[in-house]
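*Asks:*
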Amino acid sequence: MRQLIIIGSGPAGYTAAIYAARANLAPLVIASSVEAGGELMNTTEVENFPGFPEGVQGPDLMTKMQEQAEKFGAEIVYDDVVNLDLAGATKTVTLGSGRVEESDALIFATGSAYRRIGIEGEDRLSGRGVSWCATCDGFFFRERTIAVVGGGDSAMEEATFLTRFASKVYVIHRRGELRASKIMQERAFANEKIEFVWNSEVVDVLGEDAVTGVVLESTVDGTRSELALDGLFVAIGNDPRTHLVHDKLDLTPEGTIWVDGRSSRTSVRGVFAAGDVIDPTYRQAVTAAGSGTVAALDAEHFLAALGEAGAPEVDADEIGGRPEADRASAA
Ligand code: NAP
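In this text, residue positions in the sequence shown follow our numbering: the first is 561, and each later residue adds one.
(1) Throw me the rounded Cβ distance for the Leu-792 and Val-709 pair, which I believe falls under 8 Å.
(2) Would you kindly work out how many angstroms separate the C-alpha atoms of Pro-619 and Lys-651, rounded to a whole number?
(3) Of all the options Ile-754, Arg-747, Trp-758, Ser-741, which has the alpha carbon lying nearest to the alpha carbon of Arg-735?
(4) Between which residues of its own chain and Ser-778 is the CB-CB distance below 7 Å, once the five residues before and five after are set aside?
(5) Taking the C-alpha atoms as reference points, what is the distance between Asp-764 and Glu-680?
(6) Return the CA-CA distance between Thr-705 and Ser-824, expressed in angstroms with no decimal places.
(7) Less than 8 Å between the CB atoms is what I'm expecting for Asp-639 and Ser-657, so what's the real figure, rounded?
(8) Does DSSP put Glu-752 in a helix, in a strand, or in coil?
(9) Comparing the CB of Ser-686 with every heavy atom of the ligand NAP, is any distance shorter than 7 Å?
(10) Buried or exposed for Phe-668, going by 16 or more other Cβ atoms inside 10 Å?
(11) My output table needs one value for Glu-599: the three-state DSSP class, helix, strand or coil.
(12) What whole-angstrom Cβ distance do Ala-583 and Glu-860 have, given they're in contact under 8 Å?
(13) By Cβ distance, which residues of its chain are closer than 8 Å to Met-561, with the 5 residues on each side in sequence left out?
(14) State the Cα-Cα distance for the pair Thr-783 and Thr-812, rounded to the nearest angstrom.
(15) Relative to the C-alpha of Arg-739, which candidate in Asp-713, Thr-723, Ile-754 has its C-alpha closest?
(16) Need the endpoints of the alpha helix (DSSP H) that Asp-683 sits in, please.
(17) In chain order, what residues of the same chain have a beta carbon less than 6 Å from the beta carbon of Ala-586, not counting five sequence neighbours either side?
(18) Pick out whichever of Ala-576, Val-771, Asp-858 has its Cα sitting closest to the Cα of Phe-701.
(19) Secondary structure at Lys-651, three-state DSSP: helix, strand or coil?
(20) Considering Cα atoms alone, identify which of Val-729, Asp-836, His-733 is closest to Ala-750.
(21) For Val-775, tell me which candidate among Asp-781, Val-762, Asp-769, Glu-768 has the shortest Cα-Cα distance.
(22) In three-state terms, what does DSSP make of Ile-677?
(23) Suppose you measure from the CA of Gly-671 to the CA of Glu-752; what does that come to, to the nearest Å?
(24) Helix, strand or coil for Val-837? Go by DSSP, reduced to three states.
(25) With DSSP collapsed to three states, give me the class of Lys-808.
Right, here's the structure in full:
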């Protein structure tokens, strides 16, 4: 039996692994079979991670975090969790391969998943012109006309990146002003290949075997129009990845995992959570890394208390778990 299992390999998971490994907890990191490294693996240049004044490529940053965790003794397995048993003192994790791992403590850092618009053509033409990842698929749209949906930093980043390939990039936003940070907005406004389509929602994606266009609906007067396109990139935010625990851990009204104040303690004793999966607001690589640090320190404290007190006598209020009284008052 292990002391600590960490599920997730983004900045939160790997930072938790670095701290826990340096504390001699020899954590096992379940890194996912296809999405190891998390969201930053799909990013190009990260300009705001402290310590990299020249910027750093997202995948390079994640490789460095992984190497740093392994250097101190973290074990990494590239598989997916298919089942979790969190109820007892021993936490049981079943992987896609059938491998079963057990631990005293668990850190849940599964991040968030791309949000979908929720229209029929989106799923049907996924991989046939509809994409959620410019760095993965931008190359296929050389000299084509494409659109990015969204008004946040992700949409500006994707649109700006896609101008490397596409001849024209529309940014379709449902309001008349952007949510993105000033610097990202200015970069997009200055790019001659980018044209903004304001106050519009995509209500249908056109095309049989490949995207040929979209139907737009004005959010001002409801009128509909068609826009001819070769590709559509959806960048409208992310939702926390809680499908493994939604019936096992308390969630917040925003859908993130509930944690106790500024700690990483979830509603179940011995289970900690970090990164985008607990954060509806900031969702930065740096804040996720900081959150992973908190989770590792909380888990370390929990395991030390467990070692001293023995599992059955340990007070849940002291080392984790949501007190029933608090749960009732929050409800
Ligand atoms: P976001 O900030 O939540 O923005 C999502 C955008 O999509 C908003 O403009 C929103 O419109 C729009 N949207 C949401 N649901 C929609 C729907 N169903 N249909 C049409 N439009 C919809 O998400 P994000 O851009 O992915 O950014 C997430 C976080 O990561 C932010 O904190 C951001 O700063 C950060 N980030 C940072 C960088 C960077 O610094 N380089 C890069 C990427 C992301 P409304 O504005 O009308 O709500």
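Every residue, glycine too, gets a C-beta built ideally from N, C-alpha and C. Keep in mind that this is a model prediction, so the values were computed, not measured.
*Replies:* If we stick to the structure as given:
(1) Within the sequence shown, residue 792 is the residue found at index 232, counting from 1. Within the sequence shown, residue 709 is the residue found at index 149, counting from 1. The Cβ separation is near 7 Å, so the contact holds.
(2) For the purposes of this step, residue 619 is identified with residue 59 of the sequence shown, where counting begins at 1. For the purposes of this step, residue 651 is identified with residue 91 of the sequence shown, where counting begins at 1. Approximately 31 Å between the Cα atoms of the pair.
(3) On the sequence shown, residue 735 is found 175 positions in, with the first residue counted as 1. Comparing Cα positions, the closest option is Trp-758.
(4) Taking the sequence shown and counting its residues from 1, one reaches residue 778 at position 218. In its chain, beyond the 5 residues on either side, Asn-759, Ser-760 have a beta carbon closer than 7 Å to the beta carbon of Ser-778.
(5) Taking the sequence shown and counting its residues from 1, the one referred to as residue 764 is at position 204. Taking the sequence shown and counting its residues from 1, the one referred to as residue 680 is at position 120. Between Asp-764 and Glu-680, the C-alpha separation is close to 7 Å.
(6) For the purposes of this step, residue 705 is identified with residue 145 of the sequence shown, where counting begins at 1. For the purposes of this step, residue 824 is identified with residue 264 of the sequence shown, where counting begins at 1. Those two C-alpha atoms are separated by around 45 Å.
(7) Counted from its first residue, the sequence shown places residue 639 at position 79. Counted from its first residue, the sequence shown places residue 657 at position 97. Contact flag correct, Cβ pair sits at about 5 Å.
(8) Working through the sequence shown from its first residue, we reach residue 752 at position 192. Coil.
(9) For this step, residue 686 is matched to residue 126 along the sequence shown. Flag unset: Cβ of Ser-686 not near the ligand NAP.
(10) Residue mapping note: residue 668 aligns to position 108 of the sequence shown, counting from 1. Buried is the label assigned to Phe-668, since at least 16 other Cβ atoms lie within 10 Å of its Cβ.
(11) To locate residue 599, count along the sequence shown from 1; it is residue 39. In this structure, Glu-599 counts as helix in the three-state DSSP scheme.
(12) Your numbering for residue 583 matches position 23 in the sequence shown. Your numbering for residue 860 matches position 300 in the sequence shown. The pair is a contact, with the Cβ atoms about 5 Å apart (cut-off 8 Å).
(13) Taking the sequence shown and counting its residues from 1, one reaches residue 561 at position 1. Take Met-561, set aside five residues on each side of it, and the residues of its chain with a beta-carbon closer than 8 Å to its own are Thr-650, Glu-662, Ser-663, Asp-664, in chain order.
(14) Stepping through the sequence shown from its first residue, residue 783 is reached at position 223. Stepping through the sequence shown from its first residue, residue 812 is reached at position 252. Straight-line Cα distance between these residues: approximately 37 Å.
(15) For the purposes of this step, residue 739 is taken as residue 179 along the sequence shown, with counting starting at 1. For the residues Asp-713, Thr-723, Ile-754, the minimum Cα distance to Arg-739 belongs to Asp-713.
(16) Walking along the sequence shown from the start, residue 683 turns up at place 123. 680-684 is the extent of the alpha helix (DSSP H) around Asp-683.
(17) Within the sequence shown, the letter at position 26 stands for residue 586. Here Ala-586 has Gly-633 as same chain residues with Cβ atoms under 6 Å from its own Cβ, once five neighbours each way along the sequence are excluded.
(18) Here residue 701 refers to the residue found at position 141 when the sequence shown is read from its first residue. It is Val-771 whose Cα lies nearest to the Cα of Phe-701.
(19) One-based indexing of the sequence shown puts residue 651 at position 91. In the three-state DSSP reduction, Lys-651 falls in the strand class (E or B).
(20) Translated into positions along the sequence shown, residue 750 becomes position 190. Closest in C-alpha terms to Ala-750, from the list Val-729, Asp-836, His-733, comes Val-729.
(21) Within the sequence shown, numbered from 1, the residue matching residue 775 stands at position 215. Nearest of Asp-781, Val-762, Asp-769, Glu-768 to Val-775, Cα basis: Val-762.
(22) Position 117 of the sequence shown, counted from the start, is the residue given in the question as residue 677. Ile-677: coil per DSSP, three-state reduction.
(23) Reading the sequence shown from its first residue, position 111 is the one you call residue 671. Reading the sequence shown from its first residue, position 192 is the one you call residue 752. Roughly 34 Å between the two C-alpha positions.
(24) Your numbering for residue 837 matches position 277 in the sequence shown. Of the three classes helix, strand and coil, the one that applies to Val-837 here is helix, per DSSP.
(25) Here residue 808 refers to the residue found at position 248 when the sequence shown is read from its first residue. Coil, per DSSP.
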